[in-house]
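Participant: Under this note's numbering, the first residue of the sequence shown carries the number 1, and numbering increases by one thereafter. No residue lacks a Cβ here, since even glycine has one placed at the ideal position from N, Cα and C. These numbers were taken from a predicted model, which means no experiment stands behind them. Attaching a single structure in structure tokens format; questions to follow.
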Amino acid sequence: MEAHVKEAFDSWYGAWRLHQESAQEAFTAAFSALTPADKCQCHGPTLRWVTPGEGGGEVCLDDHGRTIEFEKVPKAAVGTAMTECWGADWFDEGPGGFSEVEPGQYFYEDEQTYAEYHFDVSADGTVTFGIAYVKVEDIVTILDALERALAVQRPD
Numbered sequence: 001m002e003a004h005v006k007e008a009f010d011s012w013y014g015a016w017r018l019h020q021e022s023a024q025e026a027f028t029a030a031f032s033a034l035t036p037a038d039k040c041q042c043h044g045p046t047l048r049w050v051t052p053g054e055g056g057g058e059v060c061l062d063d064h065g066r067t068i069e070f071e072k073v074p075k076a077a078v079g080t081a082m083t084e085c086w087g088a089d090w091f092d093e094g095p096g097g098f099s100e101v102e103p104g105q106y107f108y109e110d111e112q113t114y115a116e117y118h119f120d121v122s123a124d125g126t127v128t129f130g131i132a133y134v135k136v137e138d139i140v141t142i143l144d145a146l147e148r149a150l151a152v153q154r155p156d
């Protein structure tokens, strides 16, 4: 590799690494339970969390997109966060919002941003969901809304 090509690549890599670190800081500021994972499966930085009674999961940031994978999160908190971020009935779940949706699987693909949303609502009142290919600022918005919704449900 020629020196000027290597220099340009090193410059790009440095900027990308700074971008990833800044995104992780924003994610953890919005959702304080996230901590850096020792090992990831998405070829980029991964943050994970587990909180008894609130669920667990991970947020990945790589060069193909940003991903949220959360499991067993209380449906009421997910519904509150979704209504705050997108309003009721954005996912065709009905005018009562996601908090009132029946158990089942719900999908949405955003044709403008190519983001993909998958929600699996269990009969036990929890939701396992994945959100892929969303912008960093959208992840921060979702994480912040979910953190605040979960905080309301925590005992004092």
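Judging by CA-CA distance, which residue of 91, 55, 62 and 83 is the nearest neighbour of residue 125?
Facilitator: Here the closest residue by C-alpha is 55.
Participant: Considering residue 134, what are the terminal residues of the beta strand (DSSP E) in which it resides?
Facilitator: 126 to 134
Participant: Find the nearest neighbour of residue 136 within the set 122, 89, 13 and 68, judged by alpha-carbon distance.
Facilitator: It is 68.
Participant: Which word fits residue 117, buried or exposed, when buried means at least 16 other C-beta atoms lie within 10 angstroms of its C-beta?
Facilitator: buried
Participant: Under a Cβ-count criterion, where at least 16 other Cβ atoms within 10 Å of its own Cβ denotes burial, should residue 103 be classed as buried or exposed?
Facilitator: Burial call: exposed.
Participant: Measuring CB to CB, does residue 58 end up less than 8 angstroms from residue 37?
Facilitator: yes
Participant: Compute the distance between the beta-carbons of residue 44 and residue 18, then report whether it is under 8 angstroms.
Facilitator: no
Participant: Does DSSP put residue 116 in a helix, a strand or coil?
Facilitator: strand
Participant: Quick check on residue 7: buried or exposed, where buried means 16 or more other Cβ atoms within 10 Å of its Cβ?
Facilitator: exposed
Participant: Answer with buried or exposed for residue 93, where buried requires no fewer than 16 other C-beta atoms within 10 angstroms of its C-beta.
Facilitator: buried
Participant: Taking contact to mean 3 or more Cβ pairs, one atom from each stretch, closer than 8 angstroms, check whether the region 69 to 88 and the region 98 to 115 are in contact.
Facilitator: yes
Participant: Pull up the distance between the alpha-carbon of residue 34 and that of residue 119, whole angstroms please.
Facilitator: 20 angstroms
Participant: Candidates 25, 111 and 122: which alpha carbon is nearest residue 75's?
Facilitator: 122
Participant: Tell me where the beta strand (DSSP E) around residue 62 begins and ends.
Facilitator: Here the beta strand (DSSP E) through residue 62 covers 55 to 62.
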